[in-house]
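What follows is a set of notes on a single structure, which appears directly below.
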Amino acid sequence: MTLLEAPAAPERPRAKNEGQLERATERRNRRTYLALLLPGLLGLLVSFVFPLAYMVRMSFNQGSPDGVIVETFTLDTYIQPLTDPYYWKVTLDTFQMGVTVGVLCVLVSYPVALFLARSTSKYRGLLIAIAIAPLLTSAVVRTYGWMVILGTNGLVNSSLTGLGLIDTPLKLTNNMAGVTIGLVEIFMPYAILAMISGFGRLSPQLEEAAGSLGASKFKVFTRVTLPLCLPGLLTAFLLVFVLSISTFITPRLLGGGSVQVLATEIYDQTTGLLNWPFAAALSVILLVLFGLIIAVYQRLTRKIGG
Amino acid sequence: MRATIKRKMAAVAALSAAMLAMSGCGGSSDAAKAGSATSGEVNLIAYSGVWQDQYNAAVIEPFKAKYPDIKINYASKRSSAEMLSALQGQKNSPTTDVAIMDNSVSTTGNKQGLFEKVTPDAIPNLANVPEKFRDKDGYGPVAMLDAVGLVYDTATFPKAPDSWNVLWDPAYAGKINVNAPPSLLGLSLTAITSKMQGEDYTKGIDGAVARLKELAPSVQTFAPNPDEYQNVITGQTVLGLGQNARGQFYSDQSNKKMGVTFPKEGTVYQINTVNLVKDAPHSAAATTFINYALSAEAQTAFAKALFYAPSVTNAHLPADVKARVVPTDGSLNIVPLDVDFLSSARDKWTDTWKRQIITK
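Chain order of the listed sequences is X and V.
For the first sequence, the residue numbers in my numbering are 1 to 306.
For the second sequence, the residue numbers in my numbering are 307 to 666.
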């Protein structure tokens, strides 16, 4: 007797058994998924959720000039920065720095990413590895590298002075210009990676089709290539923007104490002035800024996607 | 088969979770808490960089030779404030035993109940620390002294500048580094400038702010990197603020390319205290270490290594070293910067620098 010839009558209990079996398997699967997720969730809880909750709670405490933290519940730590033009300026400068670095980084990384995404060379993998190789060196080392290159007696100034193009060295460090140059280079590998992975819809066939229908190369780029690249460009911008506004090392080292952004302010308040509640409040404000940007990003990507 | 694999995966997951939890909960064992005065370990928190190197060589290594059963674990921090942050973080369950830090910060630690009081009974060498270098409430005494100096490029200044006013000389515009507050160097410059302007900085610093605003455009960096000494040695700047002790050390290291001097208008002491952490896990061995740190042997060795002035009366320095450490006999013009005042002024002055003095 084959299975096809099996009588219909026993099917009902078997179906019931199968249903129970399926549900049991599902339950087991769920338990396994949960068990597999558990280490990650625990890690996230210990390393992110708890410290974040602690930081938020800390932001409602009262700091004092001599570093004593008074356990209380006050909004003073928020009222102070939100009503003080200085902190508005610091926040605006931080935002401006993030936008400038994000835009410049996307502009200089786009041609590289586009080339890598379209490359059919057998060395494509190697080329991508070279493009992201700077990530193997720490941002601190690369920032020090830029200090050497951009400094008063650095490579750029000595070359320009040697060529007789300038008499006095250009001020390329200890200001926002130096910080921007350093950050753009440091975040380029991230932008390239984000773009390559975001160029999924980019297809040479579509460009060829547009070309064969008479579109100029410029038109193909503006009407086909660029719109298809937009999700990748937006993701790269968001990534660089978020990394820029939260970065501390480069603004600190290349800014030379003249560049005040939220991250340097938080550092000074934490380690220099020991005002942890105020530093925590500034961190929460930075976090809210992140949240707003991500909300805008999601809207934009939905619009582009739709 | 599938069930077996799933069980194995679940077991691996549970094991990973357990290991993660264990790694997060690691710490010193309670058994070591009682401690012994001649064995075990001491967790020390102190400055990093050259300070750490020299303290290791001049004090910690000889200590280990004397007490081979005590291990010193040195946790380095860039500043006293960072040390205090670390100690605040472990207030409920301290892992540090001894902290060597600036007295303006240790005073805050004393107020916050982070440190233990010390007595000559437990630390016999405390008897050699004069009254003026002991804490009035019995907390950690002064371990060493230094003062803020003017760091200069010896090629530009074959003769050491004798006045702080050289910082305002337009000839050196763009070639000056000033460590802005909350750095103690910047706070000290504020007090010195205030005194130069004839005002009492405890009442107001308007005169100093106006004068420092004139200086700001000439300043190349308000946060010198890698530090205030290397900037001068490498020729990035020709003048700056610095500590005398490190300045003397780097002067030797750079073959006198850089010098450090105390200008006539006066300077501010930088004083380090040695502190026993409250509820220190190895307090007995820590007490032995503090006693050694206050010995004439350790104090002389560190003065020779990094030019810090000793705080004990029985440390006798060779004449060439004595000439290079900060005088503590009243012969140097000192601008007194009271630690209690400083702890309240630190954030105000830092704010003033950021809002009014530092220009883009």
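The C-beta atom is built at its ideal place from N, Cα and C for all residues, glycine as well.
Treat the numbers as computed from the prediction; the structure is a model and nothing was measured.
Go ahead and label residue i buried or exposed: buried means 16 or more other beta carbons lie within 10 angstroms of its beta carbon, across all protein chains shown.
i                 : result
Asn485 of chain V : buried
Ile79 of chain X  : exposed
Ala340 of chain V : Residue placement at Ala340 of chain V is flagged as unreliable, the pLDDT there being 46, under the threshold of 50; a coordinate-derived value is accordingly withheld.
Ile128 of chain X : buried
Glu208 of chain X : exposed
Lys442 of chain V : exposed
Ile663 of chain V : buried
Ile130 of chain X : exposed
Tyr33 of chain X  : exposed
Pro467 of chain V : buried
Ser489 of chain V : buried
Leu213 of chain X : exposed
Glu185 of chain X : buried
Val141 of chain X : exposed
Lys465 of chain V : exposed
Pro277 of chain X : buried
Thr83 of chain X  : exposed
Trp88 of chain X  : exposed
Ser158 of chain X : exposed
Lys219 of chain X : exposed
Leu168 of chain X : It is worth fixing the name first, because residue 168 of chain X is Thr in this sequence and not Leu. By the neighbour-count rule (16 or more Cβ atoms within 10 Å), Thr168 of chain X is not buried but exposed.
Glu534 of chain V : buried
Gln576 of chain V : buried
Tyr458 of chain V : buried
Gly548 of chain V : buried
So, are the CB atoms of residue i and residue j less than 8 Å apart?
i                 : j                 : result
Leu545 of chain V : Leu456 of chain V : yes
Asn620 of chain V : Ile429 of chain V : no
Tyr353 of chain V : Ile366 of chain V : no
Val574 of chain V : Ile498 of chain V : yes
Trp357 of chain V : Thr496 of chain V : no
Thr180 of chain X : Met55 of chain X  : no
Thr77 of chain X  : Ser391 of chain V : no
Phe608 of chain V : Ala371 of chain V : no
Val348 of chain V : Ala516 of chain V : no
Thr579 of chain V : Asn409 of chain V : yes
Gly145 of chain X : Val240 of chain X : no
Gly541 of chain V : Asn174 of chain X : no
Gly513 of chain V : Glu520 of chain V : no
Ala281 of chain X : Pro81 of chain X  : yes
Gln526 of chain V : Gly492 of chain V : no
Gly572 of chain V : Lys501 of chain V : yes
Leu41 of chain X  : Thr143 of chain X : no
Val242 of chain X : Phe290 of chain X : yes
Gly446 of chain V : Val424 of chain V : yes
Phe439 of chain V : Ser617 of chain V : yes
Ala590 of chain V : Ala343 of chain V : yes
Does the distance between the C-beta of residue i and the nearest non-hydrogen atom of the ligand SAH fall short of 7 Å?
i                 : result
Leu274 of chain X : Ligands in the displayed structure: none, and consequently the ligand SAH is not present.
_Any 3 or more C-beta pairs closer than 8 Å across the region 401-411 of chain V and the region 583-593 of chain V_ = yes
_Cβ-based contacts, 9 Å cut-off: residues of the region 404-419 of chain V near chain X_ = Val411, Thr413, Thr414, Gly415, Lys417 and Gln418
*Taking contact to mean at least 3 C-beta pairs separated by less than 8 Å, is the region 375-385 of chain V in contact with the region 558-573 of chain V?*
no
*asked:* For the region 607-625 of chain V against the region 647-660 of chain V, do three or more pairs of beta-carbon atoms, one drawn from each stretch, fall closer than 8 Å, so that the two count as touching?
replied: no
_Unbroken stretches of the alpha helix (DSSP H), 4 residues or longer, contained in the region 474-558 of chain V_ = 490-502, 512-521 and 534-539
*Curious, which full-length beta strand (DSSP E) runs of at least 3 residues does the region 243-282 of chain X contain?*
none
*Listed in chain order, which residues of the region 561-572 of chain V have Cβ atoms closer than 8 Å to some Cβ of chain X?*
none
*With a cut-off of 8 Å, do at least 3 Cβ pairs link the region 224-238 of chain X to the region 260-269 of chain X?*
no
_By the 9 Å beta-carbon criterion, what residues does the region 456-482 of chain V contribute toward chain X?_
Gly480 and Lys481
*beta strand (DSSP E) segments (min. 3 residues) lying fully within the region 338-381 of chain V*: 346-353
*Would you check if the region 183-194 of chain X and the region 234-242 of chain X touch, i.e. whether three or more CB-CB distances between them fall below 8 Å?*
yes
*Return the chain-ordered ranges of every alpha helix (DSSP H) run that is complete within the region 201-247 of chain X and spans a minimum of 4 residues.*
204-212, 217-220 and 226-246
*Of all the residues that make up the region 532-564 of chain V, which are near chain X by a beta-carbon distance shorter than 9 Å?*
Pro532, Thr540, Gly541, Gln542 and Thr543
*asked:* Against chain V, which members of the region 256-274 of chain X pass a CB distance test of less than 7 Å?
replied: Gly256, Gly257, Ser258, Gln260, Asp268, Thr270, Thr271, Gly272, Leu273 and Leu274
*Would you be able to state if there are at least three C-beta pairs under 8 Å between the region 549-559 of chain V and the region 382-390 of chain V?*
no
*Touching by the beta-carbon criterion (3+ pairs, under 8 Å), the region 104-122 of chain X and the region 271-287 of chain X*: no
*Listed in chain order, which residues of the region 39-73 of chain X have Cβ atoms closer than 7 Å to some Cβ of chain V?*
Pro39, Leu42, Gly43, Val46, Pro65, Asp66, Gly67 and Val68
*Going along the region 488-507 of chain V in order, which residues come within less than 7 Å of chain X, judged by CB to CB distance?*
Pro488
_Give me the subset of the region 152-166 of chain X whose CB atoms are less than 7 Å from a CB atom of chain V, sorted by chain position._
Thr152 and Asn153
*What residue ranges within the region 22-77 of chain X form continuous beta strand (DSSP E) runs of no fewer than 3 residues, ordered along the chain?*
none
_Interface positions of the region 82-93 of chain X facing chain V (Cβ-Cβ less than 8 Å), listed along the chain_ = Tyr86
*For the region 152-179 of chain X, list the alpha helix (DSSP H) runs that are entirely contained and at least 4 residues long, ordered along the chain.*
155-162
_At a CB distance below 7 Å, what residues from the region 510-531 of chain V approach chain X? Give them in sequence order._
Gln526, Thr527, Phe528, Ala529 and Asn531
*Give, in chain order, every residue of the region 646-665 of chain V whose Cβ lies closer than 7 Å to some Cβ of chain X.*
Ser649, Ser650, Arg652, Asp653, Thr656, Lys660, Arg661 and Ile664
*Quick one: which residues of the region 390-401 of chain V get their C-beta closer than 9 Å to a C-beta of chain X? List them in chain order.*
Leu390, Ser391 and Gln394
*Start-end ranges of the alpha helix (DSSP H) lying completely within the region 578-610 of chain V, minimum 4 residues*: 589-599
*With 8 Å as the limit, tell me which residues of the region 339-364 of chain V have their beta carbon closer than that to any beta carbon of chain X; keep them in chain order.*
none
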